[in-house]
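Structure, as structure tokens:
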Amino acid sequence: ITGIIGTGHHFYWIGAPGYCQWRGSIFSALEPIPVFIMTLFAFDVINKRKREHPNKAAALWAMGTAVLAFLGAG
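Below is the structure:
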């Protein structure tokens, strides 16, 4: 939801009401929170696993994707 409402700060420049900019800016600033929570969840799942994953490259790829998405590469 933060991503959808967060795009509202762009609508100001096409003549939308002024509240679109401040409302959209607030939600746009909240967008990293769900990604951070997903990154923490990925670390938690990796740390709590009962057995090793047979395909270590795939596990590292999934973990790296979560970290890089949090850092802004996605």
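Heads up, the sequence shown is in this note's numbering, so the first residue is 76 and it goes up one at a time.
C-beta: ideal position from N, C-alpha, C; glycine also.
Keep in mind it's a predicted model, so treat the numbers as computed, not measured.
Classify Gly149 as buried or exposed, calling it buried when 16 or more other Cβ atoms lie within 10 Å of its own Cβ.
-> Taking the first residue of the sequence shown as 1, we reach residue 149 at position 74. Residue placement at Gly149 is flagged as unreliable, the pLDDT there being 49, under the threshold of 50; a coordinate-derived value is accordingly withheld.
Quick one: grab the DSSP three-state call for His128.
-> By one-based count along the sequence shown, residue 128 stands at place 53. Three-state DSSP puts His128 in coil, outside helix and strand.
6 Å Cβ shell around Gly83 - same chain, five flanking residues per side excluded | Taking the first residue of the sequence shown as 1, we reach residue 83 at position 8. Excluding sequence neighbours, Gly83 sits near Cys95, Arg98 and Gly99.
Minimum C-alpha distance to Ala141 - residue among His85, Thr114 and Gly81 = Looking up residue 141 in the sequence shown gives position 66. Considering only alpha carbons, the answer is Thr114.
Using DSSP with H/G/I as helix, E/B as strand and the rest coil, what is Gly147?
-> As a first step, residue 147 must be located in the sequence shown, where it is residue number 72. Residue state, collapsed to three classes: coil.
If we call anything under 7 Å between Cβ atoms a contact, is Gly81 one with Glu106?
-> Translated into the one-based positions of the sequence shown, residue 81 becomes position 6. Translated into the one-based positions of the sequence shown, residue 106 becomes position 31. Their beta carbons are under 7 Å apart, which means Gly81 touches Glu106 by this criterion.
Can you give the Cα-Cα distance for Trp88 and Ile101, rounded to whole angstroms?
-> Counted from its first residue, the sequence shown places residue 88 at position 13. Counted from its first residue, the sequence shown places residue 101 at position 26. Each residue's Cα considered, the two are about 17 Å apart.
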